[in-house]
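*Asks:*
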Amino acid sequence: MITLHCKLTFENERDKQKLIDLMREFSSCYRYAYNRLIEGHKRKDLKKHLQKIFNLNSRYCDDAIFKAQSLI
Numbered sequence: 876m877i878t879l880h881c882k883l884t885f886e887n888e889r890d891k892q893k894l895i896d897l898m899r900e901f902s903s904c905y906r907y908a909y910n911r912l913i914e915g916h917k918r919k920d921l922k923k924h925l926q927k928i929f930n931l932n933s934r935y936c937d938d939a940i941f942k943a944q945s946l947i
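In terms of our numbering, the sequence shown opens at residue 876 and continues consecutively.
#1: Suppose contacts are defined by Cβ-Cβ distances below 9 Å. Is C936 in contact with L925 by that definition?
#2: I'd like the list of long-range same chain contacts for Y909, defined as Cβ closer than 7 Å, with 5 residues on each side in sequence excluded.
#3: Answer with buried or exposed for I895, where buried requires no fewer than 16 other C-beta atoms within 10 angstroms of its C-beta.
#4: Would you report the Cα separation of S902 and I940, rounded to the nearest angstrom?
#5: Under the three-state reduction of DSSP, which class applies to E900: helix, strand or coil?
#6: In this structure, how does DSSP classify L912 when only helix, strand and coil are distinguished?
#7: Buried or exposed for C904, going by 16 or more other Cβ atoms inside 10 Å?
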């Protein structure tokens, strides 16, 4: 596997803001998932709940849960 470090450039401020907002939503979803996993919630139920709360697609919610599980 090769990892590339790149600098993102944006054509306009609107695109940059969209990405920043998405990153912020994912981060909040990740923290929320971590706290719910600590409380004993199950991944399947948590995934559906996160989709409703954070308005993210299932892939992002699943990734947030897996990232949170890796810390536990």
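Built from N, CA and C at the ideal position, the CB exists for glycine as well.
*Replies:* Let me spell this out:
#1: Position 61 of the sequence shown holds residue 936. Position 50 of the sequence shown holds residue 925. Yes, the Cβ-Cβ distance between C936 and L925 is below 9 Å.
#2: Here the question's residue 909 lines up with position 34 in the sequence shown. Once the five neighbours on either side are set aside, the close Cβ partners of Y909 are A943, L946.
#3: Counted from its first residue, the sequence shown places residue 895 at position 20. Exposed is the call here.
#4: Taking the first residue of the sequence shown as position 1, residue 902 is located at position 27. Taking the first residue of the sequence shown as position 1, residue 940 is located at position 65. Spanning the two alpha carbons is a distance of roughly 11 Å.
#5: On the sequence shown, residue 900 is found 25 positions in, with the first residue counted as 1. Helix.
#6: Here residue 912 is taken as the residue at index 37 of the sequence shown, counted from 1. Of the three classes helix, strand and coil, the one that applies to L912 here is helix, per DSSP.
#7: On the sequence shown, position 29 is the one that residue 904 refers to. That one is buried.
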